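Notes for the one structure printed next.
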Amino acid sequence: VKHDWERMTEAVQNHIGSLNWGYRVALREKKVTYENAYGQFVGPHRIKATNNKGKEKIYSAERFLIATGERPRYLGIPGDKEYCISSDDLFSLPYCPGKTLVVGASYVALECAGFLAGIGLDVTVMVRSILLRGFDQDMANKIGEHMEEHGIKFIRQFVPIKVEQIEAGTPGRLRVVAKSTDSDKTIEGEYNTVLLAIGRDACTREIGLENVGVKLNEQTGKIPVTDEEQTSVPYIYAIGDVLEGKLELTPVAIQAGRLLARRLYGSSTVKCDYENVPTTVFTPLEYGACGLSEEKAVEKFGEENIEVYHSHFWPLEWTIPSRDNNKCYAKIVCNIKDSERVVGFHVLGPNAGEVTQGFAVALKCGLTKDQLDGTIGIHPVCAEVFTTLSVTKRSGENILQTGC
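Counting in my numbering, the sequence shown runs from 1060 upward without gaps.
Quick look at the structure:
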């Protein structure tokens, strides 16, 4: 079977186009004016909008909302902007990327690497330090192991220092020179495509915030806000990826925006709850999480005050082909001093996102280990494992599943 890259990217772009059109229609139906222009604050209650022809308009308003999001970060090395692509560019690439080097260890990096390997490409991931910083490292390492076992190569503790073009083409050939993070060792490799997924920067530094006094974290460009998404300037609000200390997830921004609108222009007082936000990393083996990582729980409550229950499990759909026996993994992190309340939920397996969504509601309601134990599981589904967890991590007992 040969994968058709051009047909896939055409379908992706058509889908994105239909989404954009749908949003524009929805705005028009709500009598919202859409201005395709670059906005900058020029003074109190005033912004300047400049379109792609250089035409300027001045708008004034009682309140403003900053939701400018982020853009992919580049390395700042010779050849990065000339020859590398970002995750934003991947599905606009008019040709199959071929042998690909993915630089980075974020969920975007690992998702892209997994997808490209899944369509049969030769994929290498270059990692500066650890996988999935900010996520549970137990789970992150298991993801890395699974990806390596399925043919994705990892170069660890190295960073690119130069990218050169050897030959132009679609795709062409590139040479990457990388340096070790803990020695003077350098290595070289040839690839058709280099995809940078090393993080994103908030689009806040060139929108005139200094003209109105909105405070920024100078290092990150993120905007500190109150629990009502209000910036240091009372009439200016912010939501989404530009916020300091909040999860960079589309559903979080949507929820925050919806609730902010209801507070400002309705009678609601409900604020966005940024605790116990569920998320999923869509690697070849999905990772769903809600609440604290094991590391964060230890940091917050102390190692002696948490209990970790865990188990491997074997999905039914993997039984007949005997696929990846006992590679899936479930873990809950409990606060012993609070009736073993579940403060962290983690699952690695097929459809982990579907599993996590329901348990996220339970965590919001104060789920305890006793309540999980008292719940009758649905047999034979993956989520059933959370109703039978009995082995603690500190016991060191075997967690391999032997039955169905």
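Glycine included, every Cβ here is placed at the ideal spot set by N, Cα and C.
Just so it is clear, the structure is predicted and the values come from calculations on it, not from any experiment.
Between the alpha carbons of residue 1283 and residue 1274, how many angstroms are there, rounded?
7 Å
Return the CA-CA distance between residue 1093 and residue 1087, expressed in angstroms with no decimal places.
8 Å
Could you have a look at residue 1062 and say whether DSSP puts it in helix, strand or coil?
coil
Would you identify the three-state DSSP class for residue 1424, choosing helix, strand or coil?
coil
Which class does residue 1387 belong to by DSSP, given the choice of helix, strand or coil?
strand
In the DSSP assignment, what are the bridge partners of residue 1219?
1237
In this structure, how does DSSP classify residue 1262 when only helix, strand and coil are distinguished?
coil
Best match in 1416, 1452 and 1451 for proximity to residue 1442 [C-alpha to C-alpha]:
1416
Sub-8 Å separation of residue 1131 and residue 1264 beta-carbons:
no
Quick test of your reading: residue 1162 and residue 1256, contact by CB under 8 Å. State the CB separation rounded to the nearest angstrom.
7 Å
Quick check on the burial criterion: 16 or more other C-beta atoms within 10 angstroms. Buried or exposed for residue 1202?
buried
To the nearest angstrom, report how far apart residue 1183 and residue 1135 are at their CA atoms.
21 Å
Is the beta carbon of residue 1460 closer than 8 Å to that of residue 1372?
yes
Should residue 1195 go down as buried or exposed, given a rule of 16 or more other Cβ atoms within 10 Å for buried?
buried
Thinking residue 1301 and residue 1281 are a contact (beta carbons under 8 Å), I'd like their distance in whole angstroms, please.
6 Å
Helix, strand or coil for residue 1112 per DSSP?
coil
Contacting residues, own chain, Cβ-Cβ under 6 Å from residue 1212 (five flanking each side not counted):
1183
Just to confirm the assignment, what range does the alpha helix (DSSP H) spanning residue 1171 have?
1166–1177
Say whether the stretch 1116–1128 touches the stretch 1213–1223, bearing in mind that this needs 3 or more beta-carbon pairs closer than 8 Å, one atom from each stretch.
no
Whole-angstrom distance between residue 1376 and residue 1430, CA atom to CA atom:
28 Å
Could you check what DSSP says for residue 1107 in three-state terms: helix, strand or coil?
strand
When you compare only the Cα positions, how much space is there between residue 1141 and residue 1152?
15 Å
Leaving aside the five residues before and after residue 1343 along the sequence, list all residues of the same chain whose C-beta is less than 7 Å from its C-beta, in chain order.
1173, 1177, 1205, 1206 and 1209
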